[in-house]
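First comes the structure, then the notes that go with it.
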Amino acid sequence: MAERRFDIRSQPGFGFIALFTFFALYLPIATLVAYSFNASDSLSSWGGFSLRWFASALENSTVQAAAMRSVIIALWAAGLATIAATMAALATTRTEPYRGLTAKYAVINQPLMIPEIVTAVALLIVFSRIKVWTGYSGLGYLILAHTAFCIPFAYLPIRARLESMDLTLERAAADLYATPWQAFRFVTFPLLRPAIIAGFMLAFVISLDDVVITEFVKSGGQDTLPTYMLGQIRRETTPEINAIATIFLAASTVLIVIFFFINRRKPQA
Amino acid sequence: MSAIKTAPENAKSRDIRNRWFLSLPALVIIFVAALGPLLVMVLYSFLEKGDYGDVKFGVFSLEGWTSVFMQRDIFDDTLGIADAHLAIFWRSIKLSLYTTLFTLILGFPTAYFIATRPARTREIWVFLITIPFWTNLLIRTFAMQQVIRNEGILNNLLIWLGIIDTPLQIIYTDTATLLGMTYVYLPLMVLPLYASIEKLDFRLVEAGYDLYANRLQVLWRIVIPLVKPGLIAGSILVFIPSLGAYVIPRVLGGGKNLMLGNLIELQFGAGRNWPLGAAMSITLMALVMIALLFYVRNAAKSGVRHG
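These protein sequence lines are chains F and D, in that order.
Residues 163 to 431 in my numbering are what the first sequence lists, from first letter to last.
Residues 4 to 310 in my numbering are what the second sequence lists, from first letter to last.
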């Protein structure tokens with residue numbers, strides 16, 4: 163046949179659909195960002211370029227408090243989740259199968275398998291009763307709930323890194339009379355550090371983004387940025403909500419880009 | 004003292020003990036703040052509902068379970084089919100299947116396109132898919148709301164093009180929820196598909212062409228069977244969160260187009276029927292488990308076939 167020299171990999175129309183997909187993925191986000199610079203009072207009409215909604219968002223004390231709360235919860239949850247996930251990863255990698263290992267995997271990944279709304283109402287049932295019994299209604303519930311669903315996300319990169327590390331270095335350390343703790347402190351931990359940082363950042367972003375579980379677990383006046391936004395999104399919203407979303411978007415994009423660079427650093431061969 | 008274990012055996016049991024100790028914090032946290040509450044919820048679904056929400060402890064009742072699908076007539080107290088609930092169950096399943104189909108139609112060519120780029124540019128395309136994936140779901144839903152609103156850019160564009168005269172009512176309909184879910188869950192389809200297409204051995208494709216297959220035959224009889232695991236993984240990853248979607252139907256679907264997630268919330272809020280909400284949550288979980296089981300069985304089968 164004459165047309166033997168065509169690219170065997172290409173399929174007609176796929177490139178077009180792919181470009182449409184990328185366009186469709188970014189169009190709504192671009193619209194949202196563009197309208198946050200709208201000078202007009204309403205979302206419907208364009209009133210020229212202005213930073214006024216950013217100024218009003220940054221001055222809004224409810225937004226400030228919600229943002230602060232989001233960051234505090236995410237720092238605690240990501241920190242605790244990373245510690246627990248690191249320990250769990252050490253316990254479940256580089257080992258012969260032992261009794262309970264599969265069960266451990268199942269429990270650690272359980273938060274990923276259940277629809278969020280189901281976990282959310284289950285937590286509502288239990289925590290509302292504990293709130294009555296103990297009288298405590300602080301941020302502890304949110305931190306605990308966030309820690310639980312962040313654990314699998316922190317666990318993933320740490321476990322992946324551990325599985326690609328063999329035990330030779332730790333054995334060498336042991337041969338040189340390092341105690342298990344010293345071997346961990348001076349050999350395993352430094353090698354694992356990029357994955358731990360990556361796991362922490364992933365957990366941090368996951369906690370920062372959560373809407374559903376937070377919405378059901380929070381006590382009165384404990385809005386985080388996403389639940390505040392959920393409350394504000396109604397038929398007629400002002401561009402201030404776009405400005406908040408844009409700031410949020412910028413912050414999490416920066417975190418994700420950093421995460422990528424940490425993760426891309428290939429393990430030293 | 005023959006009871007003393009030999010040294011390696013001793014080390015092994017110590018190792019396992021240490022491993023249990025190390026995994027304890029993660030296991031305890033997940034049990035307290037995820038798994039345990041689910042078990043409590045199962046118990047709640049079998050109790051009688053309290054007057055202002057919550058339940059009456061120690062009063063066993065199947066009312067929660069029967070009211071998932073049945074309702075008591077207000078006048079003669081007979082049980083009939085709960086049409087409103089069934090409509091919402093059906094909408095959830097239908098919209099989730101459509102979402103899976105639409106993300107597949109857009110996602111497969113996209114993943115294929117990325118996987119066939121040169122190695123260096125491939126990374127950039129994958130990165131472009133990943134950014135929206137990690138962008139807050141609520142923000143993406145809100146962004147979609149702005150596009151499809153009556154005064155949004157979609158309607159303005161269609162009017163400007165002369166296709167329509169008056170804005171289309173898209174927002175607060177099932178179409179809006181469907182658009183939102185397709186938009187939000189698309190990366191979940193593209194990423195696993197990309198992973199399996201990237202591993203595809205294109206020599207098999209070449210062999211197909213050498214045997215005079217046309218492009219469609221190659222696609223249908225060589226590419227798709229080989230990337231089936233990615234196809235199923237992507238479909239499951241899209242279908243499951245769609246089924247339990249809460250934020251997207253709430254923001255885009257409006258009050259009349261509830262999905263299962265919103266119906267569950269309703270029972271814990273205005274409905275004050277916690278046992279019913281608990282039973283509905285367990286029903287949703289069961290639907291998810293069925294989907295997962297389907298996935299596990301298929302993954303096992305295709306694993307055998309493709310070695």
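Don't be surprised by glycine CBs; every beta carbon is placed ideally from N, CA and C.
This one's a predicted model, so the numbers in the text were calculated from it and none came from an experiment.
Taking 8 Å as the cut-off, decide whether the C-beta atoms of residue i and residue j are in contact.
| i | j | result |
| --- | --- | --- |
| G67 of chain D | A281 of chain D | yes |
| A36 of chain D | A307 of chain F | yes |
| M192 of chain D | V241 of chain D | yes |
| I33 of chain D | V233 of chain F | no |
| T244 of chain F | A316 of chain F | yes |
| L331 of chain F | V349 of chain F | yes |
| T144 of chain D | G183 of chain D | yes |
| F199 of chain F | S212 of chain F | yes |
| V373 of chain F | L98 of chain D | no |
| S70 of chain D | A87 of chain D | no |
| F130 of chain D | F178 of chain F | no |
| M283 of chain D | L266 of chain D | yes |
| L353 of chain F | I320 of chain F | no |
| I375 of chain F | V208 of chain D | no |
| G246 of chain F | I313 of chain F | According to the sequence displayed, residue 246 of chain F carries Ala and not Gly. The answer is yes: Cβ separation under 8 Å. |
| A219 of chain F | A365 of chain F | no |
Could you please give the first and the last residue of the uninterrupted alpha helix (DSSP H) stretch that includes residue i?
| i | result |
| --- | --- |
| Q149 of chain D | L140 to I151 |
| G264 of chain D | L263 to F271 |
| F182 of chain F | F176 to Y197 |
| G61 of chain D | Not the alpha helix (DSSP H): G61 of chain D falls in the beta strand (DSSP E), residues V58 to F63. |
| N159 of chain D | I156 to W163 |
| Q394 of chain F | L387 to Q394 |
Between which two residues does the beta strand (DSSP E) holding residue i run?
| i | result |
| --- | --- |
| M73 of chain D | M73 to R75 |
| I84 of chain D | L82 to I84 |
| K266 of chain F | Not the beta strand (DSSP E): K266 of chain F falls in the alpha helix (DSSP H), residues L263 to M275. |
| L50 of chain D | L50 to K52 |
Report the residue from the options whose alpha carbon sits nearest the alpha carbon of residue i.
| i | options | result |
| --- | --- | --- |
| L38 of chain D | F:A253, F:G361, F:V195 and F:A284 | F:A284 |
| I420 of chain F | F:L252, F:L263 and F:F362 | F:F362 |
| G3 of chain D | D:Y55, D:F72, D:F49 and D:L255 | This structure leaves residue 3 of chain D out entirely; chain D is present only between 4 and 310. |
| Q173 of chain F | D:Q220, D:A179 and D:K52 | D:Q220 |
| D177 of chain D | D:G53, D:I285, D:L27 and D:I96 | D:I96 |
| L41 of chain D | F:Y188, F:V288 and F:T254 | F:V288 |
| W93 of chain D | D:L161, D:N153, D:L290 and D:D54 | D:L290 |
| E377 of chain F | D:F205, D:E268 and D:L196 | D:E268 |
| A302 of chain D | D:F271, D:V250 and D:L234 | D:L234 |
| P190 of chain D | F:G175, F:R171, F:A180 and F:S299 | F:A180 |
| L30 of chain D | F:R231, F:G210 and F:N271 | F:N271 |
| E278 of chain F | F:F311, F:A265, F:E258 and F:T254 | F:F311 |
| M73 of chain D | D:R300, D:Y298, D:L279 and D:F297 | D:L279 |
Just checking: is the beta-carbon of residue i within a distance shorter than 8 Å of some beta-carbon in chain F?
| i | result |
| --- | --- |
| S311 of chain D | Given that chain D is displayed from residue 4 to residue 310, the structure contains no residue 311 of chain D and the question cannot be resolved. |
| V35 of chain D | yes |
| N301 of chain D | no |
| S26 of chain D | yes |
| R20 of chain D | no |
| T113 of chain D | yes |
| G280 of chain D | yes |
| A216 of chain D | no |
| R143 of chain D | yes |
| T180 of chain D | no |
| Y249 of chain D | yes |
| I32 of chain D | yes |
| L164 of chain D | no |
| Q149 of chain D | yes |
| I51 of chain D | For the record, residue 51 of chain D in the displayed sequence is Glu; it is not Ile. Chain F contact via Cβ: absent. |
| N13 of chain D | no |
Going along the chain, which residues of its own chain have a beta-carbon closer than 8 Å to the beta-carbon of residue i, five neighbours each way excluded?
| i | result |
| --- | --- |
| A294 of chain D | I239, F242, I243 and L246 |
| L255 of chain D | T144, M147, Q148, I151, I174, Y175, A179, T180, L182 and G183 |
Taking 7 Å as the limit between beta carbons, can you name the residues of its chain near residue i, skipping five residues before and five after?
| i | result |
| --- | --- |
| K380 of chain F | L304 and T389 |
| I395 of chain F | I403 |
| A228 of chain F | D385, T386, L387 and Y390 |
| P135 of chain D | R143 and P190 |
Closer than 7 Å to a non-hydrogen atom of the ligand ATP - does that hold for the CB of residue i?
| i | result |
| --- | --- |
| M391 of chain F | Ligands in the displayed structure: none, and consequently the ligand ATP is not present. |
Go through its chain and collect everything with a Cβ distance to residue i's Cβ below 6 Å, but skip five positions before and after it.
| i | result |
| --- | --- |
| H309 of chain D | Note that H309 of chain D has pLDDT 43, beneath the 50 cutoff, so the model's placement of it is unreliable and the number below is only indicative. For H309 of chain D, where only same-chain residues beyond five positions count, there are no Cβ hits under 6 Å. |
Closest Cβ-Cβ distance between residue i and chain D: below 8 Å?
| i | result |
| --- | --- |
| I359 of chain F | no |
| Q173 of chain F | yes |
| I234 of chain F | no |
| P259 of chain F | no |
| Q272 of chain F | yes |
| L338 of chain F | no |
| G297 of chain F | no |
| G177 of chain F | yes |
| A164 of chain F | Residue placement at A164 of chain F is flagged as unreliable, the pLDDT there being 47, under the threshold of 50; the coordinate-derived value follows with that caveat. No - not a single Cβ of chain D is within 8 Å of the one on A164 of chain F. |
Next on the checklist: What are the residues in the region 387-408 of chain F lying within 7 Å of chain C by C-beta distance?
Outcome noted: The chain inventory of the structure shown lacks chain C, comprising the protein chains F and D.
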